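S.K.: The listed protein sequences derive, respectively, from chains L and H.
Residue 116 is where the first sequence starts when you use this note's numbering, and the numbers rise one by one after that.
Residue -17 is where the second sequence starts when you use this note's numbering, and the numbers rise one by one after that.
For glycine and all other residues, C-beta sits at the position ideal for the given N, C-alpha and C.
Computed from a predicted model, the values in this text were never measured in an experiment.
Here it is: the structure, laid out below.
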Amino acid sequence: MSGAQITSAGMPSNGPILSVRNLHLAIAGRHRDTPILRDVSLDIVPGEVHGLVGESGAGKTMIGKVILGIQPSRARITGGSVRFDGRDITHLPERERRSLMGRGLGLIPQDPMTSLNPAYRIGGQIADVLRLHLGMDRAAARARALELLDDVHIREPARVLRQYPHELSGGMRQRVLIAIAFACRPKLIVADEPTTALDVTVQRQVLALIKEMQAQEGASILFVTHDLGVVAKICDRVTVLHGGRVLEAGDTRRIVEAPQHDYTKALMAATPRHDRPGDLLQPVPEALTARLNAEALAYDAAPGAMGAGHG
Amino acid sequence: MADAAALPGGLLPRARESAVRRMLANRRVVLGGAVLLFFALAAVFAPLIAPHDPVEQDLLLQYAPPFWSDKAEPGYLFGTDNLGRDILSRLIYGAQIALFVAVTAAAAAGLLGTVLGLLAGYLGGWVDAVISRLVEIWMAFPAVLLSIVLVAVMGTGLHSVIIAIAVIDWTRFCRVVRAETMAQKQQDYVASAVTVGLGRMGILWREILPNVLPLLLVLFTLEMGIAVIVEAILSYVNLSLASDFPTWGTMIADGRKYVNQAPWLMILPIVCVIALVLALNALGDGLKDALDPVMRK
Ligand SMILES: Nc1ncnc2c1ncn2[C@@H]1O[C@H](COP(=O)(O)OP(=O)(O)O)[C@@H](O)[C@H]1O
Ligand SMILES: [Mg+2]
């Protein structure tokens, strides 16, 4: 019923910075492989914030990991391609993969509490990245680190440089991680639920900060979230994922105002809305989830026999 | 957390408490550390503080009793042995040998075990399989027997004792470091390090190892205690140094022959061994408690 939407998002004229094409991925098991991603396609153009939305277990994190080349060793890409800046990066040798990180690709992680190395000071961790990729000397790296902390609105940056991660709150750490992600001016940043682990008040600030940095640096972002409300705030376009399948994709406005797929409608009904604050929130109906899961299994049995978004 | 973010620099008040302060607040660390420091100072400054030459014999002054006896000889605080050698001086030089062996043997065992443990825990796969199997086989041998055999093969002497301890006890380090490395490897900061483009070995040495160091400090301290006992046992059975060298083990072995006339000859070095070993164990256990929040975070 919504098979057409996947392609109706339209190919951008200025060429995508990231292009995921018909990606299939399975986790190797003892007896058989478990499919995780099923024929996933999405494009991100330069300067775009692209939302990847879906419930827990949909495979959002896995897509981000494949892009960054950090998928678990048991995960096997069984088909399709991921092109970054025009070349397939699914099977890059380690050396080339490493040179892509930092200047090409960056990550804003989900859990700021555990994503900084507890053994090093903040300043050292930022400077390391700058020295590794931009070949800065100690003094230049320190000056740039100060500037970056200031960019992410950390007060007293000189002092924070000297602190260890455990001395900072979650919101502060996430600001530091955002600074690190943007440090080498990457073309694409994967932000995996970057505000989920934070308090509500801090969430809003961090979201605004990511948007601000993105606009300032002109990077593209793959913004992974389970929250359509967040998507509506900062994403230009959205891809809706369930059971490792793309169900619907398109401009954020179109998706939010006129969702086509039943699942997108259900997600909308499950999201608090500022324009209709009185609405009761509906969880995604179990019958719908069961139907989608059955579709996914049917797809595994006969790939290609039915369209990915077929309802 | 929202409140903390509002503080200048986002400083959490409790987090100021440094690892050092937590260590100093731990009674076992302070007590064990004080006793260790006492022995360490005695060992380092032995030539300055020992009242006599530890091997100098004075056959006119045999079996002089310690200071608590009325027949004590002035200038010989802990009395003399069967050859008239000053016990205090021998104990002080004994501390030097005990601590030298403890530090070098624990360092050698630690180096070997840590390198293998890091590689096994981080690389996994066949590397882990080979190293883990080696550890299992190694641990199937009884340690004391193995050390005696090793020293017998290599010949007596301090270097043999040190090598024997390292060869036997690297497995202690290896097992713990392997487990901790596997735990650290799962941490998000490692994934973050990959996404900023650090290589595999760079991540192991620069990201993971610093987080294993607190644990290594604990293991090292406990291993020093073990080394002190092993050295004492080996000198007791005469496999360490030639017997005119004043090791505590040799003193115990010598004293045993005169335990009826002069029980202090045996008791005093035993007290030293026990005090140093207990201090090292207390220090190690205390450090483990004090550093635990750091290690697990
Ligand atoms: N390391 C792994 N080993 C096995 N299965 C995994 C692993 N990581 C993720 N999965 C599986 O892949 C699916 C997608 O997970 P994930 O990408 O984390 O979902 P999301 O981020 O959308 O919540 C889940 O079914 C999960 O169980
Ligand atoms: Mg996820």
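Can L/Val361 and L/Leu337 be called in contact, C-beta distance under 8 Å?
M.R.: no
S.K.: Below 8 Å on the Cβ atoms is my contact criterion, and I expect L/Ile182 with L/Val197 to pass it. Report the Cβ-Cβ distance as a whole number of Å.
M.R.: Under the criterion of beta carbons closer than 8 Å, L/Ile182 and L/Val197 qualify as touching, at roughly 6 Å.
S.K.: Taking buried to mean at least 16 other C-beta atoms within 10 Å of its own C-beta, is L/His206 buried or exposed?
M.R.: The residue is exposed, with fewer than 16 neighbouring Cβ atoms inside 10 Å.
S.K.: Secondary structure at H/Asn220, three-state DSSP: helix, strand or coil?
M.R.: coil
S.K.: Can you tell me whether L/Glu308 sits near ligand 2, meaning its C-beta is under 7 Å from at least one heavy atom of the ligand?
M.R.: yes
S.K.: Would you verify that the beta carbon of H/Pro192 is, or is not, closer than 8 Å to some beta carbon of chain L?
M.R.: yes
S.K.: In or out: H/Val117 buried (at least 16 other Cβ within 10 Å) or exposed?
M.R.: buried
S.K.: Verify the CB distance criterion: does L/Ala119 have a CB-CB separation below 8 Å to chain H?
M.R.: In this prediction, L/Ala119 has a pLDDT of 37, which is less than 50 and means its spatial position is unreliable; nothing more can be read from the coordinates.
S.K.: Let me know the secondary structure DSSP gives L/Phe297 once reduced to three states.
M.R.: Note: L/Phe297 maps to helix in three-state DSSP.
S.K.: Which partner residues does L/Phe338 have in the DSSP bridge list?
M.R.: In the DSSP assignment, the residues bridged to L/Phe338 are L/Gly166 and L/Ala306.
S.K.: Give me the chain L residues within the contact set of H/Ala281, using Cβ-Cβ distance strictly less than 8 Å, ordered along the chain.
M.R.: Absent from the model: residue 281 of chain H. The displayed extent of chain H is -17 to 279, so no value can be given.
S.K.: Is there a C-beta anywhere in chain L that falls below 8 Å from the one on H/Val176?
M.R.: For H/Val176, the nearest CB of chain L lies under 8 Å from its own CB, placing it at the interface with that chain.
S.K.: Please write down, chain order preserved, every residue whose beta carbon lies under 5 Å from a heavy atom of ligand 1.
M.R.: L/Ile142, L/Ile151, L/Ser171, L/Gly172, L/Ala173, L/Gly174, L/Lys175, L/Thr176, L/Met177 and L/Pro187
S.K.: What residues in the region 201 to 219 of chain H bring their beta carbon closer than 9 Å to a beta carbon of chain L?
M.R.: none
S.K.: Please classify L/Leu356 as buried or exposed, where buried requires at least 16 other C-beta atoms within 10 Å of its C-beta.
M.R.: buried
S.K.: Quick check on L/Ala234 - is its C-beta less than 8 Å from some C-beta in chain H?
M.R.: yes
S.K.: Please identify, using Cβ separations under 8 Å, the residues of the region 111 to 127 of chain H that lie next to chain L, in order along the chain.
M.R.: Flagged: no residues at all.
S.K.: For a contact defined as C-beta to C-beta under 8 Å, what are the partners of L/Leu264 on chain H?
M.R.: In chain order: nothing, as chain H lies at least about 10 Å away.
S.K.: Under 7 Å between beta-carbons, which chain L residues line up against H/Asp170? List them in chain order, please.
M.R.: Pro224, Asp226, Thr229 and Ser230
S.K.: Using a Cβ-Cβ cutoff of less than 6 Å, which residues in the same chain neighbour L/Glu163 once the five nearest sequence positions on both sides are dropped?
M.R.: Ser335 and Asp351
S.K.: To the nearest angstrom, how far is the alpha carbon of L/Leu313 from that of L/Asp307?
M.R.: 13 Å
S.K.: So H/Ala209 and H/Arg10 are supposed to be a Cβ contact under 8 Å. How far apart are they, rounded?
M.R.: The distance from the Cβ of H/Ala209 to that of H/Arg10 is about 20 Å, inconsistent with a contact at the 8 Å cut-off.
S.K.: Mapping DSSP to helix, strand and coil, what is H/Asp170?
M.R.: Per DSSP, reduced to three states, the secondary structure at H/Asp170 is helical.
S.K.: Output the residue ranges of the alpha helix (DSSP H) runs that lie fully inside the region -1 to 79 of chain H and measure 4 residues or longer, sorted by chain position.
M.R.: 1 to 6, 9 to 26 and 28 to 31
S.K.: So the candidates are H/Asn64, H/Leu195, H/Ala214 and H/Gly179; which of them puts its Cα closest to the Cα of L/Gly217?
M.R.: H/Gly179
S.K.: By how many angstroms is the C-alpha of L/Ile192 removed from the C-alpha of L/Gly144?
M.R.: 14 Å
S.K.: Where does H/Ile234 sit, in a helix, a strand or coil, going by DSSP?
M.R.: helix
S.K.: Given L/Asp265, which residues of its chain have a CB within under 7 Å of its CB, disregarding the five upstream and five downstream residues?
M.R.: Pro272
S.K.: L/Gly166 touches chain H at which residues, Cβ-Cβ below 8 Å?
M.R.: Simply none; closest approach about 20 Å.
S.K.: Looking at the strands, I want to know which residues DSSP matches up with L/Met216.
M.R.: L/Leu220
S.K.: Scan the region 177 to 197 of chain L for residues whose Cβ lies nearer than 7 Å to a Cβ of chain H and list them as they occur along the chain.
M.R.: Of all residues in the region 177 to 197 of chain L, only Leu183 and Ile185 place a beta-carbon less than 7 Å from a beta-carbon of chain H.
S.K.: Between L/Arg246 and chain H, is the shortest Cβ-Cβ distance under 8 Å, so that the two count as touching?
M.R.: no
S.K.: Run through chain H and tell me which residues come within less than 8 Å of L/Gly221, C-beta to C-beta.
M.R.: Below the 8 Å Cβ cutoff, chain H contributes Thr177 and Val178 as neighbours of L/Gly221, in chain order.
S.K.: Quick check: what's the CA-CA separation for H/Trp50 versus H/Trp246?
M.R.: 11 Å
S.K.: When you compare the CB of L/Gly250 with every CB in chain H, is at least one pair closer than 8 Å?
M.R.: no
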